[in-house]
Structures are given as C-alpha cells and as structure tokens.
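J.: I have a structure I would like to understand better, so I am pasting it below and will then ask my questions one at a time.
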Amino acid sequence: MVRRAFLGIVAAGGAGYAWFATRPVVPGPQVARRVSIVQFDPSGVRLGLVEVDGVRKTDLEWRGSLPLDSYMVLRQKDTELAFAGEFHKSQRPGLYRCAGCETVVFDSRAKYASGTGWPAFTEPAARENVVEGWDVYFGLRRIEVKCARCWGHLGHLFDDGPPPGGLRYCINSVALKFSDFRVG
Ligand code: FE
C-alpha cells in the first residue's frame, strides 16, 4: 500500500517533469538586432553614439561564456552578497564595463561610498548604455538596471542617493569588468 502510493507520486512527478521539459518555449522580449550605445576612449573621454550589433545569446551560450557567479547575476538576476564583491570599496579611476558584452556602463567619476556593500553610482556612464525598467520581486517594485547591448542584469536604481540627483545605482561587482583610465 505504502509502496503503491510512493510509485504513484513518482509517476505523477515524472509526468510533471515531462510536461515541463516539453512545454513550448515562449520567446521573451529580446535585445534589438542593432543598438546605439555611447563609446569611450581608454582615458574615459566620451566618443559619441555608435550603432552596434545587439548581443543575443541563448541561455546555454551565456552559461558557457560566463563564470557562474556572473551568469547568476547577469542572466538570472541574482544579487551578490553585500560586502563580498570586488568593487564596493574601490575608488580607482577607470571605466566599468558590462561583464557580459564589454559595453561601458559606469564610470568611477560617478562612484561614491554608499556603505551598502555594493558598488554605487549616481549615474550611468551614458544614459544610452543602460536600460531601466520596473521589476517586481516578491511583490516589491524596484527599478532594474540592465546593459543596453546584451540586457544583462546589472543591479537596481534607488532614490536614496546623494544630492543633487538623489539617485543610487546599486550594481553587482560580478556584473562588471573594470579597466583603469589609460592616457596616451
Ligand atoms: Fe552587456
């Protein structure tokens, strides 16, 4: 009797899995084929708007091309632990690129010590290089910040930043790649 019930549960679980595995994949919204982003030279000078290919990869391709911690944040919207990331205290002058596609997304000149344990910026390197949109997480509405070229999840935008703008871009270190400003 007990064994029978157990087998029944296994069968139901198996059927559920088969349904899950064979369900039609509904394509979500994707990055546009071409996107306009602002490029910067290595010393941090803004070069202007350039049209480039959007970076569109399957989930499997992203898994294969990123370290697991970066994949979990960029592609699964995970959040790294506070005070654990590489850049939360850094004051080095340089550019912060998206770890998924190298687009310049933040700049040390807008970075400040928020004390939150995550890198914080008052603005992106260029408005065109990030996408901001509402994100609902366990009923909590927040503004999500994504890379405009690959739609990698970078972090969130809050309104408790320093004056005059009052904005705090709260970004995950593992979603970023840093390079020092280079002159000449
Ligand atoms: Fe990106």
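Using my numbering, the first residue of the sequence shown is number -11, and each one after it goes up by one. Glycine residues also receive a C-beta, built at the ideal position from the N, C-alpha and C atoms. Remember, it's a predicted structure, so these values are computed and weren't measured experimentally.
Consider the C-beta atom of G140 and the heavy atoms of the ligand FE; say whether any pair is separated by less than 7 Å.
T.: yes
J.: If V133 sits next to D57, beta carbons under 8 Å apart, how far is it from one beta carbon to the other, in whole angstroms?
T.: In fact, because the Cβ distance is near 18 Å, the residues do not count as touching under 8 Å.
J.: For L142 versus C89, is the C-beta distance shorter than 8 Å?
T.: no
J.: Quick check: does the Cβ of T46 come within less than 7 Å of any heavy atom belonging to the ligand FE?
T.: no
J.: So, using beta-carbon positions, are S217 and L83 closer together than 8 Å?
T.: For the chain, the structure presents residues -11 to 172; residue 217 sits outside this window and is missing.
J.: Would you kindly work out how many angstroms separate the C-alpha atoms of D148 and R156, rounded to a whole number?
T.: 6 Å
J.: Within 10 angstroms of the Cβ of T46, are there 16 or more other Cβ atoms? Answer buried if so, exposed if not.
T.: exposed
J.: Give the secondary structure of A20 by DSSP, where H, G and I count as helix, E and B as strand, and everything else as coil.
T.: coil
J.: For a test of your reading of the model: does the CB of R137 fall under 7 Å from any non-hydrogen atom of the ligand FE? Yes or no.
T.: yes
J.: Going by beta carbon distance, what residues of the same chain come within less than 7 Å of P150, once the five residues before and after it are set aside?
T.: So the list reads Y100, T110, once near-sequence residues are dropped.
J.: Between which two residues does the alpha helix (DSSP H) containing S53 stretch?
T.: In the DSSP annotation of this structure, the continuous segment of the alpha helix (DSSP H) that includes S53 starts and ends at 47 to 53.
J.: Name the one or two DSSP bridge partners that R129 has.
T.: V124
J.: Taking 8 Å as the threshold (C-beta atoms), are A70 and G105 in contact?
T.: yes
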